[in-house]
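Below is one structure, written out as structure tokens; comments come after it.
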Amino acid sequence: MTISTHEFRGEAQDEQIKTRSSRASSRIIAKIVSVDLRGAIVPVGALALLELFVRMGWISPYVLPPPSDLYETFLYLAEGPLWTNIGASALRVLTGFVIGSLLAVIVGSVVGLWYSAERYLEPSFQALRAVPSLAWVPLLMIWFGIGETSKIVLIAKSAFFPVYLSLFSGIRNVDRKLVEVGEMYRQPLPVLVWRILIPASLPHLFTGLRYGLSLAWLSVVAAELLAASEGIGYMLSDGRELSRPDLVLIAIICLAVLGKVSDSLFKLIEDRCLSWRDSYATAIGGRPA
Amino acid sequence: MSLLDIDVREKAFGKTIVLHDIKLSLDDSQAAVLLGPSGCGKSTLLRIAAGLDKQFSGSVSVKTGQDGNTKSPPVAFVFQEPRLMPWLTVSQNIGFADGAKYDTGRVNGLIADVGLTGHAATLPKALSGGMAQRVAIARALYTEPRILLLDEPFSAVDAFTRMKLQDLVLKLVEQRGISFLLVTHDIDEALYLGDRIYVMGAGDGGIQHDLSVDVPRPRDRRAARLAELKSDVLTALQAAHVI
Numbered sequence: 001m002t003i004s005t006h007e008f009r010g011e012a013q014d015e016q017i018k019t020r021s022s023r024a025s026s027r028i029i030a031k032i033v034s035v036d037l038r039g040a041i042v043p044v045g046a047l048a049l050l051e052l053f054v055r056m057g058w059i060s061p062y063v064l065p066p067p068s069d070l071y072e073t074f075l076y077l078a079e080g081p082l083w084t085n086i087g088a089s090a091l092r093v094l095t096g097f098v099i100g101s102l103l104a105v106i107v108g109s110v111v112g113l114w115y116s117a118e119r120y121l122e123p124s125f126q127a128l129r130a131v132p133s134l135a136w137v138p139l140l141m142i143w144f145g146i147g148e149t150s151k152i153v154l155i156a157k158s159a160f161f162p163v164y165l166s167l168f169s170g171i172r173n174v175d176r177k178l179v180e181v182g183e184m185y186r187q188p189l190p191v192l193v194w195r196i197l198i199p200a201s202l203p204h205l206f207t208g209l210r211y212g213l214s215l216a217w218l219s220v221v222a223a224e225l226l227a228a229s230e231g232i233g234y235m236l237s238d239g240r241e242l243s244r245p246d247l248v249l250i251a252i253i254c255l256a257v258l259g260k261v262s263d264s265l266f267k268l269i270e271d272r273c274l275s276w277r278d279s280y281a282t283a284i285g286g287r288p289a
Numbered sequence: 001m002s003l004l005d006i007d008v009r010e011k012a013f014g015k016t017i018v019l020h021d022i023k024l025s026l027d028d029s030q031a032a033v034l035l036g037p038s039g040c041g042k043s044t045l046l047r048i049a050a051g052l053d054k055q056f057s058g059s060v061s062v063k064t065g066q067d068g069n070t071k072s073p074p075v076a077f078v079f080q081e082p083r084l085m086p087w088l089t090v091s092q093n094i095g096f097a098d099g100a101k102y103d104t105g106r107v108n109g110l111i112a113d114v115g116l117t118g119h120a121a122t123l124p125k126a127l128s129g130g131m132a133q134r135v136a137i138a139r140a141l142y143t144e145p146r147i148l149l150l151d152e153p154f155s156a157v158d159a160f161t162r163m164k165l166q167d168l169v170l171k172l173v174e175q176r177g178i179s180f181l182l183v184t185h186d187i188d189e190a191l192y193l194g195d196r197i198y199v200m201g202a203g204d205g206g207i208q209h210d211l212s213v214d215v216p217r218p219r220d221r222r223a224a225r226l227a228e229l230k231s232d233v234l235t236a237l238q239a240a241h242v243i
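Respectively, the protein sequence lines represent chains A and B. Be aware that the first sequence starts at 1, since it is given in the UniProt record's numbering, and climbs by one per residue. Be aware that the second sequence starts at 1, since it is given in the UniProt record's numbering, and climbs by one per residue.
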């Protein structure tokens, strides 16, 4: 007869125990130095392959300019219009996103708290949500002209729905048992909202805000492609008209970087505000690779 | 008039009647226990007493203090689960009734009383079940209530933690001269904690039997008199078709 045994070792090795006991200051430095570079492998690798393919003559530089050309174009743009364009787009995104998400927080709280408001408003909101953002563009242009207002309204509208939906479902999903604790102390509704409903629905709200921000970047490009004299979308249409794929690619890279940076900033705020969560992700940082 | 008078003529969930003609009163510094099987409506009765469930016919009256302090209710509730706000620290949870402006001195006193010194800034996710329930007890005592309502507060912790928590509640309640009404399905717990035990029948059977526990405190869990009373309770439960 064979006896099978199942053994396992604790995963906290000496190294981890050592870092835990090290001083706080050195821990912060270690954190900065040990930025995870694994995420850079894919983009850097892709750029290197691209450079190789163009140099070998497999791809025409008129179709896909090599990264070295892109870098030169970038340096040229960086002296002039690039920062104006980035600034213009970022300002539009910020303004539209702030307006849209603020409105969404107000409307979402009202609809989340009062069932009668849900009865009156939810069907209309769901129907409006089904209309693609771009379908509103002609109307917005008739109403507000081709200036800043129509762009910001479009961005605000795009950011509105994800934030509204997530806050609404966040409030509806708050644990009734926690609300009851507040009711036990005879706390009036505004106090219940501030002390229990808002903190408890923050995880949902943050998901919605981050999604809303990515949609805001999406619509800023759409709006600027249609009519603008500056902005990243304008760079894109400029590149198309001049048949300059390098301009288009620089614009795309800018969008990728800006989107990633703004999302990371949001993630940082989220992690700070939600450090109390006892979830899978916060416990072990997800599944180790 | 007693400290707390509950008179429920009828309480129904849909068409199912769970409570029917139940009268219960609680005197000053009295420890009463509602003992019964699951689904007999004992938790519902407690929720009615706390004012958490108002969909019933009947009345609940609570004697308020002479100072007429209406801001904090004279009744506090300890739930079956700790129900701590996960985003608040231990101190903030204990002072929850007053929000951000809680009385730090009183909270620190309570933290020491429930044996959690050094955990003031801990978040609930880092607490064990027994520790979390200690915080919940401290939170209930923060408002300085005259009546404590406890809904199977020790049912989710292990047997040893349960005994410790029982002694803790007894100590805190005696220090403060608080009356309590405890709901449980644990006969030993009922006998150890209660001055008076109300045995509830299954379904809408109501209060089938009540007996007083004539054992002086502090009680010894091994006392022969408690064992005798346990057999009385078992007989009552059998008569009520609970077991």
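The beta-carbon is built from N, C-alpha and C at its ideal position, and this holds for glycine as well. As the structure is a prediction and not an experimental result, all values here were calculated from the model.
Subject >> Under 9 Å from the C-beta of proline 216 of chain B: neighbouring residues of chain A >> reply: Residue 216 of chain B sits at position 216 when you count from the first residue of the second sequence. Residues of chain A passing the Cβ test: none, with the nearest at roughly 33 Å.
Subject >> Distance CB(methionine 184 of chain A)-CB(phenylalanine 77 of chain B) smaller than 8 Å >> reply: For the purposes of this step, residue 184 of chain A is identified with residue 184 of the first sequence, where counting begins at 1. For the purposes of this step, residue 77 of chain B is identified with residue 77 of the second sequence, where counting begins at 1. Yes, the Cβ-Cβ distance between methionine 184 of chain A and phenylalanine 77 of chain B is below 8 Å.
**OP:** Verify whether the separation of the beta carbon atoms of alanine 223 of chain B and leucine 149 of chain B is less than 8 Å.
**Re:** Along the second sequence, read from residue 1 onward, the residue named residue 223 of chain B stands at position 223. Along the second sequence, read from residue 1 onward, the residue named residue 149 of chain B stands at position 149. Not closer than 8 Å, so no.
Subject >> Best match in A:Gly10, A:Leu64, A:Ser101, A:Gly57 for proximity to serine 214 of chain A [C-alpha to C-alpha] >> reply: In the first sequence, residue 214 of chain A corresponds to position 214, counting from 1. Of the listed residues, the one whose Cα sits closest to serine 214 of chain A is A:Ser101.
Original post:
Of all the CB atoms in chain A, is at least one closer than 8 Å to the CB of methionine 200 of chain B?
Top reply: Along the second sequence, one-based indexing puts residue 200 of chain B at 200. Judged by the 8 Å Cβ criterion, methionine 200 of chain B is not in contact with chain A.
Original post:
Is the region 128-144 of chain A touching the region 77-85 of chain A, taking contact as three or more C-beta pairs under 8 Å?
Top reply: Touching, no, given that fewer than three Cβ pairs across the two stretches are closer than 8 Å.
Original post:
Mind pulling the alpha helix (DSSP H) runs of 4 or more residues that sit fully within the region 102-181 of chain A?
Top reply: 115-129, 137-144, 148-172
Original post:
How many angstroms separate the CA atom of isoleucine 111 of chain B from the CA atom of leucine 127 of chain B?
Top reply: Counted from its first residue, the second sequence places residue 111 of chain B at position 111. Counted from its first residue, the second sequence places residue 127 of chain B at position 127. In a straight line, the C-alpha of isoleucine 111 of chain B is about 14 Å away from that of leucine 127 of chain B.
Subject >> Uninterrupted alpha helix (DSSP H) stretches inside the region 26-81 of chain B (no shorter than 4 residues) >> reply: 42-50
**OP:** Tell me where the beta strand (DSSP E) around residue 369 of chain A begins and ends.
**Re:** Outside the shown range of chain A, which is 1 to 289, sits residue 369 of chain A, and nothing can be said about it.
**OP:** Can you grab the Cα-Cα spacing for the pair arginine 119 of chain A / valine 261 of chain A, in whole Å?
**Re:** Sequence index remark: in the first sequence, residue 119 of chain A carries index 119 (1-based). Sequence index remark: in the first sequence, residue 261 of chain A carries index 261 (1-based). Approximately 39 Å between the Cα atoms of the pair.
Original post:
In terms of DSSP beta bridges, what is aspartate 5 of chain B paired with?
Top reply: Position 5 of the second sequence holds residue 5 of chain B. Residue pairing for aspartate 5 of chain B: DSSP places it in a beta bridge opposite B:Ser25, B:Ser61.
Original post:
What does tyrosine 115 of chain A reach in chain B if we use C-beta pairs closer than 8 Å?
Top reply: If you number the first sequence from 1, residue 115 of chain A lands on position 115. Correct list: empty, because the minimum Cβ distance to chain B is about 17 Å.
Original post:
Under a three-way DSSP split, which group does alanine 200 of chain A fall into?
Top reply: Looking up residue 200 of chain A in the first sequence gives position 200. Alanine 200 of chain A: helix per DSSP, three-state reduction.
Original post:
Do you know whose CA, among A:Leu247, A:Val111, A:Leu242, lies nearest leucine 167 of chain A's CA?
Top reply: On the first sequence, position 167 is the one that residue 167 of chain A refers to. Per the Cα distances, A:Val111.
**OP:** Note down, in chain order, every chain B residue with its Cβ under 7 Å from the Cβ of tyrosine 280 of chain A.
**Re:** Stepping through the first sequence from its first residue, residue 280 of chain A is reached at position 280. Residues of chain B passing the Cβ test: none, with the nearest at roughly 12 Å.
**OP:** Taking leucine 52 of chain B as the query, report the chain A residues whose CB atoms sit under 8 Å from its CB, ordered along the chain.
**Re:** Translated into the one-based positions of the second sequence, residue 52 of chain B becomes position 52. Within 8 Å Cβ-Cβ: Glu180, Glu183, Met184.
**OP:** Would you mind stating whether proline 233 of chain A and leucine 225 of chain A have Cβ atoms separated by less than 8 Å?
**Re:** Indexing the first sequence from 1 puts residue 233 of chain A at position 233. Indexing the first sequence from 1 puts residue 225 of chain A at position 225. Looking at the sequence itself, residue 233 of chain A is glycine, so the reference to proline does not match. Contact: yes.
Original post:
Got a sec, what are the start and stop residues for the alpha helix (DSSP H) tyrosine 142 of chain B sits in?
Top reply: Counting from one through the second sequence, the residue named residue 142 of chain B turns up at place 142. Taken as a continuous stretch (DSSP letters only), the alpha helix (DSSP H) holding tyrosine 142 of chain B covers 129-142.
Subject >> Inter-residue Cα distance where the pair is alanine 222 of chain A and valine 42 of chain A >> reply: Numbered from its first residue, the first sequence carries residue 222 of chain A at position 222. Numbered from its first residue, the first sequence carries residue 42 of chain A at position 42. Cα to Cα, the separation comes out at about 27 Å.
**OP:** For phenylalanine 97 of chain A, count neighbouring Cβ atoms within 10 angstroms of its own Cβ and tell me buried if that reaches 16, exposed if not.
**Re:** For this step, residue 97 of chain A is matched to residue 97 along the first sequence. Phenylalanine 97 of chain A is buried by the Cβ-count criterion.
Original post:
Candidates A:Met235, A:Lys151, A:Arg172, A:Ala200: which alpha carbon is nearest glycine 80 of chain A's?
Top reply: To locate residue 80 of chain A, count along the first sequence from 1; it is residue 80. Answer by Cα proximity: A:Met235.
Original post:
Taking Cβ positions, are alanine 132 of chain B and proline 145 of chain B nearer each other than 8 Å?
Top reply: As a first step, residue 132 of chain B must be located in the second sequence, where it is residue number 132. As a first step, residue 145 of chain B must be located in the second sequence, where it is residue number 145. Not in contact: alanine 132 of chain B and proline 145 of chain B (Cβ atoms no closer than 8 Å).
Original post:
Whole-angstrom Cβ separation of threonine 95 of chain A and isoleucine 171 of chain A, contact assumed at under 8 Å?
Top reply: Sequence index remark: in the first sequence, residue 95 of chain A carries index 95 (1-based). Sequence index remark: in the first sequence, residue 171 of chain A carries index 171 (1-based). Not really, about 26 Å apart at Cβ, beyond 8 Å.
**OP:** Report the option in A:Leu47, A:Leu77, A:Ser201, A:Ile155 whose CA atom is closest to the CA atom of proline 65 of chain A.
**Re:** For this step, residue 65 of chain A is matched to residue 65 along the first sequence. Of the listed residues, the one whose Cα sits closest to proline 65 of chain A is A:Leu47.
Subject >> DSSP state of serine 212 of chain B mapped onto helix, strand, coil >> reply: Looking up residue 212 of chain B in the second sequence gives position 212. If DSSP states are grouped into helix, strand and coil, serine 212 of chain B belongs with the strands.
**OP:** Name the residue from B:Gly109, B:Ile6, B:Gln80 whose alpha carbon lies nearest to the alpha carbon of glutamate 180 of chain A.
**Re:** Locating residue 180 of chain A in the first sequence gives position 180, where the first residue counts as 1. Ranking B:Gly109, B:Ile6, B:Gln80 by Cα distance to glutamate 180 of chain A puts B:Gln80 first.
Subject >> N- and C-terminal bounds of the alpha helix (DSSP H) containing tyrosine 198 of chain B >> reply: Taking the second sequence and counting its residues from 1, the one referred to as residue 198 of chain B is at position 198. It is not in any alpha helix (DSSP H) - tyrosine 198 of chain B instead sits in the beta strand (DSSP E) that spans 196-200.
Original post:
Is the region 21-39 of chain B touching the region 194-208 of chain B in the sense that three or more CB pairs, one from each, lie closer than 8 Å?
Top reply: yes
**OP:** From the DSSP output, in three-state form, read off phenylalanine 160 of chain B for me.
**Re:** By one-based count along the second sequence, residue 160 of chain B stands at place 160. Residue state, collapsed to three classes: helix.
Original post:
Between the region 114-138 of chain B and chain A, which residues of the former have CB atoms less than 7 Å from a CB of the latter, in chain order?
Top reply: Legend: CB atoms of the region 114-138 of chain B lying less than 7 Å from CB atoms of chain A belong to residues Leu123, Lys125.
**OP:** Would you mind giving the Cβ-Cβ distance between leucine 181 of chain B and leucine 34 of chain B, rounded to the nearest angstrom? I have them listed as a contact below 8 Å.
**Re:** Taking the second sequence and counting its residues from 1, the one referred to as residue 181 of chain B is at position 181. Taking the second sequence and counting its residues from 1, the one referred to as residue 34 of chain B is at position 34. The Cβ separation is near 7 Å, so the contact holds.
Subject >> Start-to-end residues for the alpha helix (DSSP H) that takes in leucine 77 of chain A >> reply: By 1-based counting over the first sequence, the position of residue 77 of chain A is 77. That run of the alpha helix (DSSP H) goes 67-79.
Subject >> 9 Å Cβ cut-off: residues of chain A touching glutamate 81 of chain B >> reply: The residue given as residue 81 of chain B occupies position 81 in the second sequence. Within 9 Å Cβ-Cβ: Lys177.
Original post:
Three-state secondary structure (DSSP) at phenylalanine 8 of chain A?
Top reply: The residue you call residue 8 of chain A lines up with position 8 of the first sequence. Residue state, collapsed to three classes: coil.
Original post:
Can you round the beta-carbon distance between leucine 154 of chain A and serine 219 of chain A to whole angstroms, since I take them to be within the 8 Å contact cut?
Top reply: Here residue 154 of chain A refers to the residue found at position 154 when the first sequence is read from its first residue. Here residue 219 of chain A refers to the residue found at position 219 when the first sequence is read from its first residue. The Cβ separation is near 5 Å, so the contact holds.
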